[in-house]
Every structure is written in structure tokens, then in C-alpha cells.
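K.L.:
What follows is a structure written as C-alpha cells; I'll ask about it next.
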Amino acid sequence: MSAWGNRSTSPLLTRITSSQSTSNPIKTLTLLPNKTFTPSNLTTLLKLFNDLHEVNISGKSLPDSEYTNISNSLSLPTCSLKTLRLGPSSFTSINLTNLLTSLQTSPNTSLITLDLSSKSLTTFPKISSCLVSLKNLDLSRNPTLKFKEGDTCKNVLGNIEVLNVSECTRIFEDVGDFFDGHLEYLDVSSLELGCYLNNILCKTSSINLSLIKNLDLKELGKGATKIDLKECGINNWEGFEARDVEDLKIEGNDISNNLHQVLSSVTSSLRILDLASTSLHLLPVSSFLPIFRLKLKSLRIFNNKLSEHEEFEKVWEVICEEVGGEGGRIKEIDLGGNEIRQEDIVKLFESLHVPYCLKTLELGGNKFGSLSDSALKTLKVHNPELDVARDIPERNLSSNMVVGAGAGEGFKEGSNVKEEVEGLMKKAGWKTGEFQR
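In terms of the UniProt record's numbering, the sequence shown is residues 1 to 437.
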């Protein structure tokens, strides 16, 4: 009897094995929880398929011996695995020790991405040398996990570029000052930030600080180019400096009384600004113009109840002039969720001067049903290069619907969104343009 047993898993092995000899071999393997795929099956796969690039066994609980086999397979010179996602499943400190030891001692390991999220891990084992190949590490949702030694922190994170420690509330409690690397991206969302994180924040290019309350804005990373402050409940922006920031997300923070502080903190370097759900409808008309004078390329003002503004017509006039005028710089704008009328959208279409900068216009969540033939005709006459799909559903679909470089109705999970978008556009009689998402 083979390691696959004598029942339903044998055909699976046969299909996968035969496919590896074709011109299009399997590179990614995801094993969802099931009753027929046993731990021995998984071990066999890891030994047989050395040309796999990604293995995802999230949700599968394996005995310690199987994790040991996985660790051993990573150290084999024939292993070409680049991504290993273990995800939420049982995982002991012994498993972690074996896994990191394999990565540390094998000079040939090709692993770049490691997902150890939701493992109930507590402490990192002592690591005496750097994990050379590993670049992306996900430790999120391990609330009691922490580094106990500065040297281990250095060796584990020394070459890491992307680090997710969301909800790891204690991870840098003792060793924050020992961090000696540079992170391209750091996710510390939902943490309580302490002074021990300052050293790390100052050496990070892109920081996700969303859902963190009581932020001391003076202590944020001064060299970061991208900062996400979504839903942090910030009421006072005094001391915030964003001299080098190119991408700033402050969605979900009420800035109706703090817009001047926010805008004075940024510089001409800012290119992407997310002001979704920030109570812009409470601002005076005069406050909108400075937003558009920031030399932005992308602006998101989704879900700000703009139609409820007591001087909406004047606000819309500013938007049309700044987006569509001859000096307009914005390439992407999200106006979804603002109850904007179709006639106002037509005014925006008419305002777009040729050549114009706007390439992507998102309108999801505006309850005007579908754009009429006359509206589309207006767009066609004034803006022959801007593509629009006909149907705009009466629900919030801003995450997957774009009017501009591709748009459509809701898309089924796993579908080819690009093909569906282009199909809708062709049906509406418009040529397809560059697809952006």
C-alpha cells in the first residue's frame, strides 16, 4: 500500500503527478480542511513535488512529526518552495524551533514568504544567525508572541522586508530597540504602541497603523512614504509630520474640525490621499479647494455624504473644475457612496477638457441605478477615451466596481474580473481601455 492509502486520495496523486510532466506543471497547492487528505499525504506531496512554488495548508492541524518533516523538506537542495502558508492550525514552540532552524542552517533554501498567523505562539526560540532568504513574514494574530532576546530579533527580522504583526500586542515589548533592519512594509494594526516601537517605525517605508487608538502622532516614522491611519479615532493632528509621505490613508477619522492640521502636515510629495468616511460634508466650501491643490494623482472621498452638504452645488462645482479643468492632475478619484445624482455626473463628464488627466472614476454606491443613454452620449462626445459601463448597482460596490478604466456589476468570487468588465463595456458599446484595479 502506498502512502496515499487505497481510497479517494490516490486519483488526486495521479492527476497531480501526471500534470507535472506537462508544459504547464502545478506551481501552487492549497489544501483546505478535509477528511480524506491525511498528514502522510501531505508529507508525500512535499517530498515529491520539488518544483512547487507555493504550498498553503491553512486550517489543517498536523501532528508535530509532520511539521518536522515539512521543516526537513525545506532544507533539501531540491526544494524550490518560495511560499509556505501554515495559517490557523495547531503549532507548538517545538515546531517553530525546527522550522526556523531549517531555514537558518540550509544555505540553499528558497523560501521567501512564511505565514505563521493565528498559531497561539508565545516566544521565539533563540536564533544565532540570520534567516537569509526570508523576506515576507506574517506573525499576525498571535497575541502573546514576543521576542525575548535582542539578538534573536535581529536574526529573524534582519532581512525581512514585509512584516505583519497585527494583534501581536507584546511582540516588541522587550527588544524594540534591538531592531537593526529596514522594512518596506510593517503592519502593526490593532496594537497598543509603546515607545519600544519607535526604533522600528523610523526604519519603515510603509506603515499600517489602522485601528490603533490613542496614537501619538509625533512619534510616527519620519521617513515613511506610506502611512495607513484608518479608523484610529484621531481628534488632534498637532505634531503630525508627513514630509516624505506619498500615500496617506486616514479613512474613518473625523477631520471636519482638523482639515487644516492634516493638510499642513503633508507636502508636495503626497500623491495618494484617502479621505473616505471623514465627514467632509461638514466642511465649508472653501475647505475643498486646498485638497485639490495638493498635486494628488489619486483621491478617495468615498462615503462622505456630499449630497447632504448645505452648499452641495458649490462643492460639486469645485470638484468638476479641479478634476476636469485644464490644470487637473488627478488620475483616479472615488466619489462613491455620496448619493450623487446622475445629472451631477453628467456635469462632471462635461467638465473634462481634452486632453484630460482623469483615467479612473469610481461611482459605486450612488443610487442612480444606471447611466442613461443621454449621459453616455455626453461622455462619448466630450471624453472619447474614458470608458464607462452602463450599469451602476444600487449598493456599495466600491471595492470591485469602477467607472472609468473598466466597470461593472458585482463579480462572483474567483471570476476573471477583467474579462467580465470588458464584456460589460463592449455590451454597452464602448471600447475597452487599460484595466486598473
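Where is the CB? At the ideal position from N, CA and C, for every residue including glycine. As the structure is a computational prediction, the values presented were derived from the model and not from experiment.
Between the alpha carbons of LYS226 and ILE70, how many angstroms are there, rounded?
P.N.:
36 Å
K.L.:
What separation, rounded to the nearest whole angstrom, lies between the Cα atoms of GLU311 and LEU361?
P.N.:
When rounded, the distance between both Cα atoms is 23 Å.
K.L.:
Tell me the rounded alpha-carbon separation between SER289 and GLU246.
P.N.:
Note that residue 289 corresponds to Leu in the displayed sequence, not to Ser. Approximately 19 Å between the Cα atoms of the pair.
K.L.:
Quick check: what's the CA-CA separation for ILE207 versus LEU348?
P.N.:
34 Å
K.L.:
Please go through the same chain and pick out, in chain order, the residues whose beta-carbon is closer than 6 Å to the beta-carbon of SER75, but skip the five residues on each side of it.
P.N.:
SER102 and SER106
K.L.:
Use the C-beta contact count for HIS309: other C-beta atoms within 10 angstroms, 16 or more gives buried, fewer gives exposed.
P.N.:
buried
K.L.:
Kindly indicate which residue of LEU111, CYS130 and ASN95 has the alpha-carbon position closest to the one of SER120.
P.N.:
ASN95
K.L.:
LYS295: buried (16+ other C-beta within 10 angstroms of its C-beta) or exposed?
P.N.:
exposed
K.L.:
Determine the direct distance from the alpha carbon of LYS222 to that of SER269, and round the result to whole angstroms.
P.N.:
14 Å
K.L.:
Taking only three categories from DSSP, how would you classify LEU13?
P.N.:
Model confidence at LEU13 stands at a pLDDT of 49, short of 50, so the residue's coordinates are unreliable and nothing is read from them.
K.L.:
LEU111: which of SER80, THR97 and LEU139 sits nearest, CA to CA?
P.N.:
SER80
K.L.:
Could you tell me which residues DSSP pairs with LYS126 in its beta bridges?
P.N.:
LYS126 pairs with nothing; no bridge assigned.
K.L.:
What is the DSSP secondary structure of GLU332, reduced to helix, strand or coil?
P.N.:
Strand, per DSSP.
K.L.:
Is the Cβ-Cβ distance between LEU116 and ASN142 less than 9 Å?
P.N.:
yes
K.L.:
According to DSSP, is ASP115 helix, strand or coil?
P.N.:
strand
K.L.:
Please return the same chain residues whose Cβ sits closer than 6 Å to the Cβ of LEU279, not counting the five positions on each side in sequence.
P.N.:
It should be noted that the sequence gives Ser, not Leu, for residue 279. Closer than 6 Å at the Cβ level, and outside the excluded window around SER279, lie ASP254 and SER256.
K.L.:
Pick helix, strand or coil for ILE171, following the three-state DSSP scheme.
P.N.:
coil
K.L.:
Taking 9 Å as the threshold (C-beta atoms), are VAL55 and THR28 in contact?
P.N.:
yes
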